[in-house]
Amino acid sequence: MTDSVDTARTAASATAAAPSDGNPVAPAGTRTAADVLTPAVLAELTSGLSGSGTATNHCPFTGEVLAELPTSSEDDVAAAFERARAAQSAWAAKPVRDRAAVLLRFHDLVLGRQSEILDLIQLETGKTRMHAQEEVQSVAIAARHYGRKAASYLRPRRLTGAIPALTQALVLRRPKGVVGQVSPWNYPFELSVGDALPAFAAGNAVVMKPDTQTALTALWARRLLIEAGLPEAVWQIVIGDGPVVGPAVVDRGDFVSFTGSTRTGRDVAQRAAARLVGASLELGGKNAMLVLHDADLDRAAEGAVRACFSSAGQLCISIERLYVHESVADDFLDRFVARTRALKLGTALAYGAGIGSLVSERQLETVSRHVDEARSKGATVLAGGRARPDVGPLFYEPTILDGVQPPMSVCTEETFGPVVSVYRFKDESEAVERANGTPYGLNSSVWTKNARRGREIAARLNTGTVNVNEGYAAAYGSAAAPMGGMGQSGLGRRHGSEGILKYTEAQTVATQRLLPMAPSFGMTDESYAALMTKGLRVMKAFRLR
Numbered sequence: 001m002t003d004s005v006d007t008a009r010t011a012a013s014a015t016a017a018a019p020s021d022g023n024p025v026a027p028a029g030t031r032t033a034a035d036v037l038t039p040a041v042l043a044e045l046t047s048g049l050s051g052s053g054t055a056t057n058h059c060p061f062t063g064e065v066l067a068e069l070p071t072s073s074e075d076d077v078a079a080a081f082e083r084a085r086a087a088q089s090a091w092a093a094k095p096v097r098d099r100a101a102v103l104l105r106f107h108d109l110v111l112g113r114q115s116e117i118l119d120l121i122q123l124e125t126g127k128t129r130m131h132a133q134e135e136v137q138s139v140a141i142a143a144r145h146y147g148r149k150a151a152s153y154l155r156p157r158r159l160t161g162a163i164p165a166l167t168q169a170l171v172l173r174r175p176k177g178v179v180g181q182v183s184p185w186n187y188p189f190e191l192s193v194g195d196a197l198p199a200f201a202a203g204n205a206v207v208m209k210p211d212t213q214t215a216l217t218a219l220w221a222r223r224l225l226i227e228a229g230l231p232e233a234v235w236q237i238v239i240g241d242g243p244v245v246g247p248a249v250v251d252r253g254d255f256v257s258f259t260g261s262t263r264t265g266r267d268v269a270q271r272a273a274a275r276l277v278g279a280s281l282e283l284g285g286k287n288a289m290l291v292l293h294d295a296d297l298d299r300a301a302e303g304a305v306r307a308c309f310s311s312a313g314q315l316c317i318s319i320e321r322l323y324v325h326e327s328v329a330d331d332f333l334d335r336f337v338a339r340t341r342a343l344k345l346g347t348a349l350a351y352g353a354g355i356g357s358l359v360s361e362r363q364l365e366t367v368s369r370h371v372d373e374a375r376s377k378g379a380t381v382l383a384g385g386r387a388r389p390d391v392g393p394l395f396y397e398p399t400i401l402d403g404v405q406p407p408m409s410v411c412t413e414e415t416f417g418p419v420v421s422v423y424r425f426k427d428e429s430e431a432v433e434r435a436n437g438t439p440y441g442l443n444s445s446v447w448t449k450n451a452r453r454g455r456e457i458a459a460r461l462n463t464g465t466v467n468v469n470e471g472y473a474a475a476y477g478s479a480a481a482p483m484g485g486m487g488q489s490g491l492g493r494r495h496g497s498e499g500i501l502k503y504t505e506a507q508t509v510a511t512q513r514l515l516p517m518a519p520s521f522g523m524t525d526e527s528y529a530a531l532m533t534k535g536l537r538v539m540k541a542f543r544l545r
């Protein structure tokens, strides 16, 4: 956001009047950015950052400047990788239980000091405190999970060798080395440190490029993890323009972790593949929710509000397409529209608001363009459909659209804002086919009183996660289970065993005992071949694996 846009929008919001039929506004807070980001706090967070340039991040609530941050050059990124590599070997040499203990201490620090990080998340993203708290929960869950399970995931595993009793196979897990991580602005706590925790537990160092808009959140997380016992050099943070700093990080990592758009994800994958380096990518989505004829409509309407409008819809796994059985569509929409219109817009650094701000001028322009185009081509706005400069420069009301059809952009493109399109269906097969009708496959949701039927339908949906009678939080909060996308929504998984093992190389150490894997004791090649053939048949007969 430029200073001119910042000033213009701030002035507009100061003079705009609230519409008489708009979403209500939660009480304003008494604390401001200046109360949270004192000069001492900013100095502590940015100490150690190097760079000749500067970047500015702004508060979406007001448009005011939060901080001027030093930006890294390609040489700065190279130096960060050198520091990380120098520290990684000693970190990897520590017992897994010692590395895991750092995560468990971090868990306690996060919960004990969550008011600090909640303030930062809100100031940098514009989301409500409740939605910021989701990030705290997710990070604490991940820290606890990998703190408790890392040793189990990483322990050496004895497997059946080529010849039972004679061959012993041992699989070791070795860290990749230095992970290059590029994290986004929308969930700056969860998608920065949350993804880095399993990498650290596996013995890696990390060089991370957070989005400049939310860099303070990542810097706070780093300082807290260092307080928990992580060696300072093991986690390096570099800040700067995406097209400059992003490729410099991707081109140096021994593994790449990226969360962002599908377009940028393709470029990241190509750059990593050119070096034969692995990459984990969580990309875009156009997620669908199915409300079946037997759904509890009150619960489904409440769930739809959370699924569509959490973090003002700026969530990769939020719902943007809503398919409702025609027999209950009107009753469901009555409930959903009423709840959506009742959501309180708010800017306070406190609980109470139901929906916050968009993060940038770019996001506001995309949301406005999608809604205005749909309306001009015949779609009906059931709720919202307008900006709210009376609340803040980047606020937009939670919006429900009916009658959306191709080629409206909102029908197929990811909006990444508080906008959902409603469609009616006649039978479940039609709903599944339409839900699967995009190149994306990140998340979906099914609502029904018959949980078994919900799981059966889930198995037909081409998405990495499916929530039955929940929008997104049930699957995402299940840290023991993998989470990621199919199709154009990404590669690899976070969470569970896959979320930590991706940061390792599997090394097989096979020990042969007594007899070699070759003719011995005077056997001819022919007699050895006959013996092995007979042995293979016996092993199959005795169901040996």
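Numbering (full-length UniProt numbering), first residue to last: 1 to 545. Beta carbons are placed, not taken as given, at the ideal position from N, Cα and C, and that holds for glycine.
(1) Mind listing, in chain order, the continuous alpha helix (DSSP H) runs of no fewer than 4 residues lying wholly within the region 271-328?
(2) What do you get for T38, buried or exposed, if any count of 16 or more other CB atoms within 10 angstroms of its CB means buried?
(3) Pull up the CB-CB distance for E190 and G285, whole angstroms please, since I reckon it's below 8 Å.
(4) For the alpha helix (DSSP H) that R375 lies in, which residues bound it at each end?
(5) Can you confirm whether the region 249-265 touches the region 473-484 when touching is taken to mean that 3 or more C-beta pairs between the two stretches lie within less than 8 Å?
(6) Could you tell me the distance, in whole angstroms, from the CA atom of S489 to the CA atom of G265?
(7) In the DSSP assignment, find the unbroken alpha helix (DSSP H) run with V432 in it and report its ends.
(8) Could you check whether E373 and R386 sit closer than 8 Å to each other, using their CB atoms as the reference points?
(9) Can you list, in chain order, the residues of its chain whose CB lies under 7 Å from that of R271, leaving out five sequence neighbours each side?
(10) Are residue 547 and A510 touching if we call contact CB-CB under 8 Å?
(11) Grab the span of the beta strand (DSSP E) containing R174 for me, first residue to last.
(12) Since H131 is in the alpha helix (DSSP H), which residue starts that stretch and which ends it?
(13) In chain order, what residues of the same chain lie with their CB nearer than 7 Å to the CB of K426, ignoring the 5 residues before and after it?
(14) Please go through the same chain and pick out, in chain order, the residues whose beta-carbon is closer than 8 Å to the beta-carbon of A78, but skip the five residues on each side of it.
(15) Given this structure, state the Cα-to-Cα distance separating P19 from L333, to the nearest angstrom.
(16) What residues in its chain sit with their C-beta under 6 Å from that of V136, if we drop five residues either side in the sequence?
(17) Below 7 Å CB to CB, which residues in the same chain sit around Q122 once its five sequence neighbours on both sides are set aside?
(18) Mapping the DSSP letters down to three states, classify R105 as helix, strand or coil.
(19) Once DSSP output is grouped into helix, strand and coil, what is the label at K540?
(20) Between the C-alpha atoms of D3 and E361, what's the straight-line distance to the nearest angstrom?
(21) Considering just the uninterrupted stretch of the alpha helix (DSSP H) at P198, what are its terminal residues?
(22) Please say whether T465 and G240 have beta carbons closer to each other than 8 Å?
(23) Please report how far the alpha carbon of L45 lies from the alpha carbon of L216, in whole angstroms.
(24) Would you mind sorting M523 into buried or exposed? The rule is 16 or more other CB atoms within 10 Å of its CB.
(25) I'd like the list of long-range same chain contacts for Q507, defined as Cβ closer than 6 Å, with 5 residues on each side in sequence excluded.
(26) For T139, which option in K540, T504 and S478 has the closest C-alpha, if you only look at C-alpha atoms?
(27) Below 8 Å, how does it come out for the region 86-93 and the region 222-233: are there three or more Cβ pairs, yes or no?
(28) In this structure, what does DSSP give as the bridge partners for H58?
(29) In three-state DSSP terms, what is I237?
(30) Can you tell me which of the three DSSP states R452 falls into?
(31) Between which two residues does the beta strand (DSSP E) holding G161 run?
(32) Using a Cβ-Cβ cut-off of 6 Å (strictly less than) and excluding sequence neighbours within five positions of G313, which residues of its own chain qualify?
(33) Tell me, please, which residues DSSP counts as bridged to residue 551.
(34) Which one or two residues does DSSP pair with P70 in a beta bridge?
(35) What separation, rounded to the nearest whole angstrom, lies between the Cα atoms of F542 and R513?
(36) Evaluate T160 with the Cβ neighbour count: other Cβ atoms within 10 Å of its Cβ, from every protein chain shown; 16 or more gives buried, anything less gives exposed.
On the basis of the coordinates in this document:
(1) 297-309
(2) exposed
(3) At roughly 16 Å, the Cβ-Cβ gap does not stay under 8 Å, so E190 and G285 are not in contact.
(4) E361 to S376
(5) no
(6) 9 Å
(7) E428 to A435
(8) no
(9) P247, V250 and D251
(10) It is not possible to answer for residue 547, since the shown part of the chain is limited to 1 through 545.
(11) T167 to P175
(12) R129 to L154
(13) E326
(14) A248 and R252
(15) 23 Å
(16) Q114
(17) R129, A132 and L349
(18) helix
(19) helix
(20) Here D3 scores only 47 on pLDDT, less than 50, and its place in the model should not be relied on; the value that follows carries that caveat. Each residue's alpha carbon lies about 12 Å from the other.
(21) V193 to A201
(22) no
(23) 7 Å
(24) exposed
(25) L172 and R174
(26) Reading off the sequence shown, one finds Val at residue 139, where the question assumed Thr. Nearest C-alpha to V139: S478.
(27) yes
(28) V65
(29) strand
(30) helix
(31) Looking at the DSSP string, G161 is not in any beta strand (DSSP E), and its letter there is neither H nor E.
(32) G417 and P418
(33) One cannot answer for residue 551 here, as it falls past the ends of the chain, which runs 1 to 545.
(34) T54
(35) 22 Å
(36) exposed
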